[in-house]
Structure formats: structure tokens, C-alpha cells
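What follows is one structure encoded as C-alpha cells, with my remarks underneath.
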Amino acid sequence: MAVRIRSALAASLIACAALASAAQTSGVLGDWLTPAGSVVRIEKCGADVCLSIAVLAPNVPITDIHNPDRGLRSRSLCGLQIGNGFTLSGANHASGGKLYDPKTGKTYRGEMTADGAGLHLRGYVGIPLFGASETWTRTTAPVRPCPAERTH
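For what it's worth, the numbering used here labels the leading residue of the sequence shown as 68, then goes sequentially.
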């Protein structure tokens, strides 16, 4: 009897771990491939949702050269938090945050919606009508750290 209880407990723990893992990669949370080829990780950070660059695309600068603050232009883009302050309103939607675009050095208000394997981001100034959209694709491939030897 004790063996059956232990087996059932072990099976329950494995099932819970699998569900927790699936929850981390469902909805807006998880790793997303941008059209440029970078990978952005979206995860909970405290009560909010944040976005960080996990892998840089080939042939892009490795430092924040377009930042309007000259003192920040030498910081690495790898690991850089490019979104914060988002609030989840269901697993598939987050809004109310800010998005930093390292290609331009500009910061926008933003919202995002997951739809299957796609993530639809909207960055805007003022109201969502005045903005731009981009779609990212979920990636389940292992994320490798950014290469340290790149110099451009």
C-alpha cells in the first residue's frame, strides 16, 4: 500500500512539474523570435511582466549605440530589459507597459497579445492608434547566451 501511495505521489509531482513548465511557455510568457532574428524572453518580474533580450541576432550591434543617453551607449544589449511595467489581463494579453526599441533608441507605451505561436506587439505614443505593430514567433529551441566576442 505504501508503495502505491509513493508511486501516486511521484506521478502527481511529475504532472505538476510538467504543468508548471507548460505554464511558463504559454500565453505571452516565454521566449520569442523577433523578425530581426533576436530572441526576447518575456517573464514575470515581481507583479509585472518584463521583456529582456536573451539572444542577439547576427549582424546587429552588441551595444546600445542608439540610446539618447550617451552614457548608456556602451551597455550591452544582451540581457538588456527592453520592456517593463506590463500587467497581465489573462494569460494571452498584457498591457500598460513600456517598450524600448534599441534600433532607434526610442521608448513607447505598449501592449501584447499571444495568439497560438504568434505574439502581436503594439508600440505607440499617446494612444494605440498612433503606433506600429510587430509579430514575433514563439521559440522552444534552447536559448544560448549572446557571444561575447562580437565587436560591432
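Where a beta carbon is used, it is the ideal one built from N, C-alpha and C, also for glycine.
**OP:** May I have the straight-line CA-CA distance separating Phe197 from Arg211, to the nearest angstrom?
**Re:** Residue 197 sits at position 130 when you count from the first residue of the sequence shown. Residue 211 sits at position 144 when you count from the first residue of the sequence shown. Distance from the CA of Phe197 to the CA of Arg211, rounded to the nearest whole angstrom, comes to 35 Å.
Original post:
Should Lys165 and Gly152 be called a contact, given that it needs their Cβ atoms to be closer than 8 Å?
Top reply: The residue given as residue 165 occupies position 98 in the sequence shown. The residue given as residue 152 occupies position 85 in the sequence shown. Cβ distance < 8 Å, so Lys165 and Gly152 count as in contact.
**OP:** Between the Cα of Trp203 and those of Asp131, Met179, Pro195 and Ser143, spot the shortest distance and give me the residue it belongs to.
**Re:** Counting from one through the sequence shown, the residue named residue 203 turns up at place 136. Ranked by Cα distance from Trp203, the options Asp131, Met179, Pro195 and Ser143 are led by Met179.
Original post:
Per the contact definition of three or more C-beta pairs closer than 8 Å, is the segment 109-127 in contact with the segment 140-152?
Top reply: yes
Original post:
Phe197 bridges to which residues according to DSSP?
Top reply: For the purposes of this step, residue 197 is taken as the residue at position 130 of the sequence shown. In the DSSP output, where bridge partners are listed per residue, Phe197 has none listed.
Original post:
What's the C-alpha gap between Ile109 and Gly185?
Top reply: In the sequence shown, counting from the first residue as 1, residue 109 sits at position 42. In the sequence shown, counting from the first residue as 1, residue 185 sits at position 118. Roughly 13 Å between the two C-alpha positions.
Original post:
Under the rule that 16 or more other beta-carbon atoms within 10 Å means buried, what is Asn126, buried or exposed?
Top reply: In the sequence shown, the residue the question calls residue 126 occupies position 59. Under the 10 Å beta carbon count, Asn126 is surrounded by fewer than 16 other beta carbons and is classified as exposed.
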